[in-house]
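Single-structure report; data block below.
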Amino acid sequence: MKELVVIGGASAAQSAAVYAARAGVEVTIVADEYGGQINNTDVVENYLGFKSIEGPELAKRYVEHMRDYDVDEMLGQKAVDIRRPDHFEVELEDGTVLEALSVIIATGGSRRKLGVKGEKELSGRGVGYCAVCDGPLYQGEEVAIVGAGYAATEAIDYMTDIAEKIYVINRSKGYSGEEITIERIEDHEKVEHWENSEIVEFYSGDQLLEGAVINKDGEEVELEVPGIFIEIGTKPNSDLTELIEKTDGSRIKVDSQMSTGVKGLYAAGDVNNKGVQQLAVSVGQGCIAGLNAAEYIKEHRQ
Ligand SMILES: Cc1cc2nc3c(=O)[nH]c(=O)nc-3n(C[C@H](O)[C@H](O)[C@H](O)COP(=O)(O)OP(=O)(O)OC[C@H]3O[C@@H](n4cnc5c(N)ncnc54)[C@H](O)[C@@H]3O)c2cc1C
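Sequence positions in the sequence shown follow the numbering used here and run 5 to 306.
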């Protein structure tokens with residue numbers, strides 16, 4: 005029987021693992037991969053103590069820090085179910101079942117998709133979900149970015165150093181995100197803002213993206229670009245168990261102690277319904293969940 009199983013491989017999970025290990029409980033971390041969303045982020049400028057740090061470098065430091073403690077790592081493993089006969093059972097994709105006294109879900113979020121014609125077929129062939137990861141492939145070319153929120157504004161800002169021109173496909177008007185980023189992109193000479201615009205379908209030539217049909221303010225137009233990034237935020241990876249309640253459709257409901265309401269089961273970071281989706285928050289919530297799980301384990305260990 006394991007004491008604590010932490011599911012996830014990024015800021016919330018690794019923070020929880022560090023705090024729980026320091027509190028004296030045995031920790032097992034189960035992650036399909038390490039790094040999470042920040043691994044696909046260009047530069048982080050709002051994480052206290054680091055005026056500017058590349059996302060992958062910060063992700064690497066989280067892992068190094070966690071490895072200072074005696075944490076049992078199950079990397080390359082995806083959890084698919086959590087049950088609770090009396091203690092917890094965490095089932096992994098390969099069929100392994102881990103028994104545990106307490107579990108922390110820190111599975112974060114995945115990129116949202118548009119769900120329009122041609123998207124699936126052309127994904128990875130010109131249609132992408134991470135400008136920071138694949139943007140450099142379009143050096144000196146024209147690209148489009150779909151979205152106008154936090155993820156999109158960061159992506160547009162990043163692409164202004166790479167692309168020749170960036171068409172922004174925004175289904176409403178204006179941007180939301182960090183004011184400092186919005187100011188940088190709003191009047192940028194390379195950025196063309198298409199408001200009230202939505203992608204109707206993607207089309208290809210020779211199996212690669214050739215362009216998209218766009219409903220631009222009520223009129224269908226074609227935009228020919230070799231790369232289109234869909235940057236419309238993330239959806240929580242919360243489909244892990246029937247045990248918990250979710251709010252606003254998909255985030256795991258927790259209280260201020262990161263408890264899901266099922267005793268011994270906690271959720272931290274972007275996967276839950278508390279706070280904003282930022283690193284400082286996920287690290288803080290990982291701390292709360294880790295310490296509360298440790299307390300719970302000490303009360304329930306034989
Ligand atoms: C483009 C972009 C830019 C951003 N920039 C900033 C920024 O500048 N500053 C800032 O503070 N925040 C930023 N954020 C937000 C920040 O990245 C998130 O708030 C943070 O990564 C949340 O951490 P998390 O640990 O909750 O989840 P995630 O980072 O989503 O990590 C989830 C982890 O769980 C693993 N996992 C998922 N499901 C399973 C499963 N079933 N089994 C095992 N493992 C699983 C994943 O592989 C991953 O390792 C940005 C986000 C994006 C998308």
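Glycine included, each C-beta is placed from N, C-alpha and C at the ideal position.
Predicted model only: the values in this text are computed from it and were never measured.
Item to check | Buried versus exposed, by CB contacts within 10 Å (16 or more), T4 | outcome: Here the chain comprises residues numbered 5 to 306, so residue 4 is not present and cannot be evaluated.
Checklist entry - Quick one: what's got a C-beta closer than 6 Å to G80's C-beta in the same chain, skipping five residues either side? => result Locating residue 80 in the sequence shown gives position 76, where the first residue counts as 1. Within the same chain, and ignoring the five residues on either side of G80 in sequence, no residue has its Cβ closer than 6 Å to its Cβ.
Checklist entry - When every heavy atom of ligand 1 is checked, does at least one fall within less than 7 Å of the C-beta of T45? => result Residue numbering aside, residue 45 sits at position 41 when the sequence shown is read from its first letter. Checking the Cβ of T45 against ligand 1 gives yes.
Checklist entry - Around the Cβ of Y162, are there at least 16 other Cβ atoms within 10 angstroms (buried) or fewer (exposed)? => result Mapped onto the sequence shown, residue 162 falls at position 158. Counting Cβ neighbours within 10 Å, Y162 comes out buried, since at least 16 surround it.
Checklist entry - Would the beta-carbon of G51 fall within 8 Å of that of A272? => result For this step, residue 51 is matched to residue 47 along the sequence shown. For this step, residue 272 is matched to residue 268 along the sequence shown. Reading the sequence as shown, one finds Tyr at residue 51 and not Gly. Against a cut-off of 8 Å, the Cβ pair of A272 and Y51 comes out as no contact.
Item to check | Among E158, G153 and I166, the one whose alpha carbon lies nearest that of V308 | outcome: An answer regarding residue 308 cannot be provided, because it is not within the stretch 5 to 306 covered by the chain.
Item to check | CB of L212 within 8 Å of CB of G130, strictly | outcome: Here the question's residue 212 lines up with position 208 in the sequence shown. Here the question's residue 130 lines up with position 126 in the sequence shown. For the pair L212 and G130, the CB atoms are nearer than the 8 Å cut-off.
Checklist entry - Alpha carbon to alpha carbon, what distance is there between A27 and G59? => result Your numbering for residue 59 matches position 55 in the sequence shown. Your numbering for residue 27 matches position 23 in the sequence shown. Looking at the two C-alpha atoms, the distance is approximately 28 Å.
Checklist entry - Would the beta-carbon of I42 be found less than 7 Å away from any heavy atom of ligand 1? => result To locate residue 42, count along the sequence shown from 1; it is residue 38. I42 Cβ: within cutoff of ligand 1.
Item to check | Selected residue, minimal CA-CA separation from E183, among P230, Y154, V48 and A17 | outcome: By one-based count along the sequence shown, residue 183 stands at place 179. Nearest C-alpha to E183: Y154.
Checklist entry - Start and end of the beta strand (DSSP E) containing E311? => result This structure cannot settle anything about residue 311, because the visible part of the chain is limited to 5 through 306.
Item to check | Exposure of E145, with buried meaning 16 or more beta-carbon neighbours within 10 Å | outcome: For the purposes of this step, residue 145 is identified with residue 141 of the sequence shown, where counting begins at 1. The residue in question, E145, is exposed, as its Cβ has fewer than 16 Cβ neighbours within 10 Å.
Checklist entry - Unbroken beta strand (DSSP E) runs of length 3 or more, entirely within the stretch 22 to 72: which are they? => result As far as the stretch 22 to 72 is concerned, its whole beta strand (DSSP E) runs of at least 3 residues are 31 to 35.
Checklist entry - Could you give the C-beta distance for A21 and V10, rounded to a whole number, given that I count them as a contact under 8 Å? => result On the sequence shown, residue 21 is found 17 positions in, with the first residue counted as 1. On the sequence shown, residue 10 is found 6 positions in, with the first residue counted as 1. Confirmed, about 5 Å.
Item to check | Assigned exposure category for V29 - 16 Cβ within 10 Å defines buried | outcome: Against the sequence shown, residue 29 aligns to sequence position 25. Flag for V29 reads buried.
Checklist entry - So, helix, strand or coil for K124, using DSSP? => result Taking the sequence shown and counting its residues from 1, the one referred to as residue 124 is at position 120. Helix, per DSSP.
Checklist entry - Do N296 and V275 have their C-beta atoms within less than 8 Å of each other? => result Within the sequence shown, numbered from 1, the residue matching residue 296 stands at position 292. Within the sequence shown, numbered from 1, the residue matching residue 275 stands at position 271. The beta carbons of N296 and V275 sit no closer together than 8 Å.
Item to check | Proximal residues to G151 (C-beta, below 6 Å), its chain only, five neighbours per side dropped | outcome: Numbered from 1 along the sequence shown, position 147 holds the residue referred to as residue 151. Counting only Cβ-Cβ distances below 6 Å, and skipping sequence neighbours, we find E235 and I236.
Next on the checklist: Considering only the alpha carbon of each residue, which of S208, I86, I232 and E168 lies closest to H192?
Outcome noted: For this step, residue 192 is matched to residue 188 along the sequence shown. Out of S208, I86, I232 and E168, E168 has the C-alpha closest to the C-alpha of H192.
Next on the checklist: Do Y207 and G122 count as a contact pair if the criterion is CB distance below 8 Å?
Outcome noted: On the sequence shown, residue 122 is found 118 positions in, with the first residue counted as 1. On the sequence shown, residue 207 is found 203 positions in, with the first residue counted as 1. Yes, these two residues count as a Cβ contact at 8 Å.
Checklist entry - Considering only residues of the same chain and omitting the five flanking positions on each side of I301, which have a CB-CB separation below 7 Å? => result As a working mapping, residue 301 is identified with position 297 in the sequence shown. Within the same chain, Cβ atoms closer than 7 Å to the Cβ of I301 are found at E7, L8, V29, L105 and S106, the five residues on either side in sequence being excluded.
Checklist entry - According to the neighbour-count rule (16 or more other Cβ atoms, all chains shown, within 10 Å of its Cβ), is Q281 buried or exposed? => result In the sequence shown, counting from the first residue as 1, residue 281 sits at position 277. Under the 10 Å beta carbon count, Q281 is surrounded by 16 or more other beta carbons and is classified as buried.
Checklist entry - Per DSSP, what kind of secondary structure is G273 in: helix, strand or coil? => result As a first step, residue 273 is located in the sequence shown; it is residue number 269 there, counting from the start. DSSP, reduced to helix, strand and coil, places G273 within a helical segment of the structure shown.
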